[in-house]
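Notes for the one structure printed next.
2 protein chains.
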Amino acid sequence: MHPLLEKKGFIVDVDGVVGRGDTPIPEGVMAVNRLRKLGKRIVFVSNNSTRSRRILFERLRRFGLEIKEEEIIVTTHATAVYIRDENKKARVYTTGEEGLKDELRLAGLEIVDYDEADYLVVGLNRYITYSDIKKALRLCLRNDVRYIATNPDRLYPAEDGPIPGTGMIVGALYWMTGREPDVIIGKPSRVIMEQALKTLGLEGEEVAVIGDQLDVDVPAGKEIKADTALVLTGVTTEKNLNELKKRHGFEPDYVLRTLNSIFGD
Amino acid sequence: MHPLLEKKGFIVDVDGVVGRGDTPIPEGVMAVNRLRKLGKRIVFVSNNSTRSRRILFERLRRFGLEIKEEEIIVTTHATAVYIRDENKKARVYTTGEEGLKDELRLAGLEIVDYDEADYLVVGLNRYITYSDIKKALRLCLRNDVRYIATNPDRLYPAEDGPIPGTGMIVGALYWMTGREPDVIIGKPSRVIMEQALKTLGLEGEEVAVIGDQLDVDVPAGKEIKADTALVLTGVTTEKNLNELKKRHGFEPDYVLRTLNSIFGD
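Pasting the structure below:
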């Protein structure tokens with residue numbers, strides 16, 4: 020029996036583990052459903068900052084995953100929850116897309132234009148304009164404005180090549196002002212990982228963190244002292260694994276061809 | 020007589036010295052015309068990366084300046100000249116606006132989409148899209164692509180507050196890829212300052228560099244061993260001068276209330 024099967028809970032990445040965009044990864048979906056049948060607690064954690072939790076939930080259901088919406092933690096929702104817990108009356112300006120705005124509103128927060136804001140929330144926006152960046156810049160220059168980034172992702176692999184992540188905006192602001200976010204919510208930040216543990220009702224030692232990105236999912240797991248497993252169904256492959264280990268200077272506790280390899284398949 | 024009047028040539032910044040946007044600064048315009056009557060050689064140097072030299076020339080003529088188009092060096096034109104001198108057959112992808120594209124074409128360079136380019140030229144674009152940044156990102160990741168930035172300006176003071184400069188894009192790319200431009204053309208880079216000296220036909224010691232930005236114009240002057248004078252008609256004021264000197268750890272050779280103060284007015 021695979022040692023990971025002794026864990027009580029699993030924190031599972033979405034992209035590259037159970038799906039790629041709108042396409043399911045059958046081995047990943049099957050493995051999650053098998054883990055659930057064994058009574059394991061499961062939570063999905065995604066750094067996606069453009070989709071609401073509801074939208075991601077519907078996608079995972081279409082993949083054939085038997086889950087509840089509450090078992091999904093995505094940075095849009097996690098950011099809104101974090102800010103609401105910190106300041107229920109926060110007045111938020113965000114660079115983000117509708118998915119992020121929806122979650123901020125659902126959390127009871129007010130979305131305002133930049134000159135009325137006391138929170139700057141930076142999330143990816145594939146329709147971003149110069150004016151959006153100008154507004155974020157002006158807030159970034161104000162010490163009385165709290166600056167939260169949904170996630171630190173620099174770039175993503177798309178089908179035809181890399182595309183910019185939220186780091187595009189974080190980097191532009193850093194270069195212009197010297198300021199980095201006060202808080203980053205997404206992996207490998209412990210903020211989102213602690214939300215995941217809270218949802219599971221478990222301690223870090225009792226869970227395994229499963230993901231496809233060595234530099235994101237492995238440090239995220241280490242933040243909460245969980246065991247980590249890297250699957251080779253996403254950006255990490257048998258081919259680049261050794262080079263990635265060498266480049267980053269750390270490695271996962273386990274490497275799995277697919278998540279289903281946990282069952283010896 | 021002001022010691023700067025012993026210089027044979029003057030390298031004069033545009034914004035904050037002879038004009039603010041479309042509005043002339045009368046003392047600056049008058050002083051330049053007086054210098055010219057004394058037989059001084061004059062060249063204007065601007066970090067503007069959205070306007071062609073022709074457009075800037077027409078603006079300066081409207082200000083009442085008696086100049087020729089060849090006496091203007093602006094990063095749109097200077098970038099095109101630099102690339103042409105380096106590689107006449109360069110195939111350029113640029114993030115920039117029409118003003119920059121016009122200059123690249125005028126220099127005989129071919130403007131292509133990113134997947135056909137061997138030069139990436141980053142200049143400010145107030146209509147930039149996610150797709151533009153994606154294309155720049157992909158070129159930035161390629162070692163066989165030469166990466167030129169028109170200028171390093173992080174932000175500009177606009178009437179209602181700061182607005183992003185070219186540094187917005189340079190910073191986004193740096194954050195995503197770790198790569199900085201191979202060459203930066205605009206001040207304080209010596210690239211544009213050497214083009215200015217060449218136009219004047221003078222050595223650095225024979226000229227004065229006049230500008231309104233301590234952190235840009237003073238190091239630009241020092242790059243070519245010219246004397247530097249800071250005017251207080253732009254971003255630097257009597258009020259913030261000492262704080263700026265302290266912050267940057269250097270100062271200009273002279274401070275002038277307006278450029279016309281060179282004549283004791």
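Protein sequence lines correspond, in order, to chains L and E. Adding 19 to a residue's 1-based position in the first sequence gives its number in the numbering used here. Adding 19 to a residue's 1-based position in the second sequence gives its number in the numbering used here. Virtual Cβ for every residue (Gly too), placed ideally from N, Cα, C.
Residue j beta carbon less than 8 Å from that of residue i
{"i": "Val210/L", "j": "Tyr101/L", "result": "yes"}
{"i": "Met47/E", "j": "Val37/E", "result": "Looking at the sequence itself, residue 47/E is Gly, so the reference to Met does not match. Yes, they are a contact pair."}
{"i": "Arg276/E", "j": "Leu260/E", "result": "no"}
{"i": "Ala97/E", "j": "Ile152/E", "result": "no"}
{"i": "Glu129/L", "j": "Val111/L", "result": "yes"}
{"i": "Phe282/E", "j": "Arg60/E", "result": "no"}
{"i": "Thr95/E", "j": "Leu119/E", "result": "yes"}
{"i": "Thr196/L", "j": "Leu160/L", "result": "yes"}
{"i": "Val164/L", "j": "Leu158/L", "result": "yes"}
{"i": "Ile44/L", "j": "Phe63/L", "result": "no"}
{"i": "Thr185/L", "j": "Pro171/L", "result": "yes"}
{"i": "Asp272/L", "j": "Thr255/L", "result": "no"}
{"i": "Val26/E", "j": "Glu225/E", "result": "It should be pointed out that residue 26/E corresponds to Lys in this sequence rather than to Val. In contact: Lys26/E and Glu225/E (Cβ atoms closer than 8 Å)."}
{"i": "Arg70/E", "j": "Val93/E", "result": "yes"}
{"i": "Gly35/E", "j": "Gly253/E", "result": "yes"}
{"i": "His267/E", "j": "Asp236/E", "result": "no"}
{"i": "Trp194/L", "j": "Tyr133/E", "result": "no"}
Supposed contact pair residue j and residue i - C-beta distance, whole angstroms, cut 8 Å
{"i": "Ala248/E", "j": "Ala227/E", "result": "6 Å"}
{"i": "Ala239/L", "j": "Lys206/L", "result": "4 Å"}
{"i": "Ala109/L", "j": "Leu278/L", "result": "At roughly 37 Å, the Cβ-Cβ gap does not stay under 8 Å, so Ala109/L and Leu278/L are not in contact."}
{"i": "Val202/L", "j": "Ile167/L", "result": "5 Å"}
{"i": "Arg103/E", "j": "Gly83/E", "result": "Wrong, their Cβ atoms sit about 32 Å apart, outside the cutoff."}
{"i": "Val140/L", "j": "Val189/L", "result": "So it is not a contact: roughly 12 Å between Cβ atoms."}
{"i": "Ser65/L", "j": "Val33/L", "result": "4 Å"}
{"i": "Glu242/E", "j": "Met212/E", "result": "5 Å"}
Strand pairing of residue i, partner residues [DSSP]
{"i": "Val111/L", "result": "Ile130/L and Tyr138/L"}
{"i": "Thr247/E", "result": "Val228/E"}
{"i": "Arg39/E", "result": "Thr42/E"}
{"i": "Ser65/E", "result": "Val93/E"}
{"i": "Leu275/L", "result": "Val250/L"}
{"i": "Arg165/E", "result": "Tyr138/E"}
{"i": "Arg60/E", "result": "Gly28/E"}
{"i": "Ile203/E", "result": "Ala168/E"}
{"i": "Tyr175/L", "result": "Ile182/L"}
{"i": "Asp34/L", "result": "Gly38/L"}
Cβ neighbour criterion (16 or more within 10 Å) applied to residue i
{"i": "Leu143/L", "result": "buried"}
{"i": "Lys56/E", "result": "exposed"}
{"i": "Arg145/E", "result": "exposed"}
{"i": "Ser208/L", "result": "buried"}
{"i": "Thr42/E", "result": "exposed"}
{"i": "Pro22/E", "result": "exposed"}
{"i": "Phe269/E", "result": "exposed"}
{"i": "Lys244/L", "result": "exposed"}
{"i": "Asn162/L", "result": "exposed"}
{"i": "Met20/L", "result": "exposed"}
{"i": "Gly220/L", "result": "exposed"}
{"i": "Glu85/L", "result": "exposed"}
{"i": "Arg173/E", "result": "buried"}
{"i": "Glu89/E", "result": "exposed"}
{"i": "Arg78/L", "result": "buried"}
{"i": "Gly58/E", "result": "exposed"}
{"i": "Arg80/E", "result": "exposed"}
{"i": "Glu116/L", "result": "buried"}
{"i": "Lys8/L", "result": "In the structure as shown, chain L starts at 20 and stops at 284, and residue 8/L therefore has no counterpart that could be examined."}
{"i": "Lys217/L", "result": "exposed"}
Taking a Cβ distance cut-off of 8 Å, strictly less, list which residues of the stretch 171-190 of chain E are near chain L, in chain order.
Arg173, Leu174, Gly180, Pro181, Ile182, Pro183, Gly184, Gly186, Met187, Ile188, Val189 and Gly190
So if I threshold CB-CB distances at 7 Å, which residues from the stretch 130-155 of chain E count as touching chain L?
Arg145, Tyr146, Ile147, Tyr149, Ile152 and Lys153
Can you list, in chain order, the residues of the stretch 157-172 of chain E whose Cβ is nearer than 8 Å to any Cβ on chain L?
Arg157 and Leu160
Could you run through the stretch 192-211 of chain E and flag, in chain order, every residue whose CB is less than 7 Å away from some CB of chain L?
Tyr193, Trp194 and Met195
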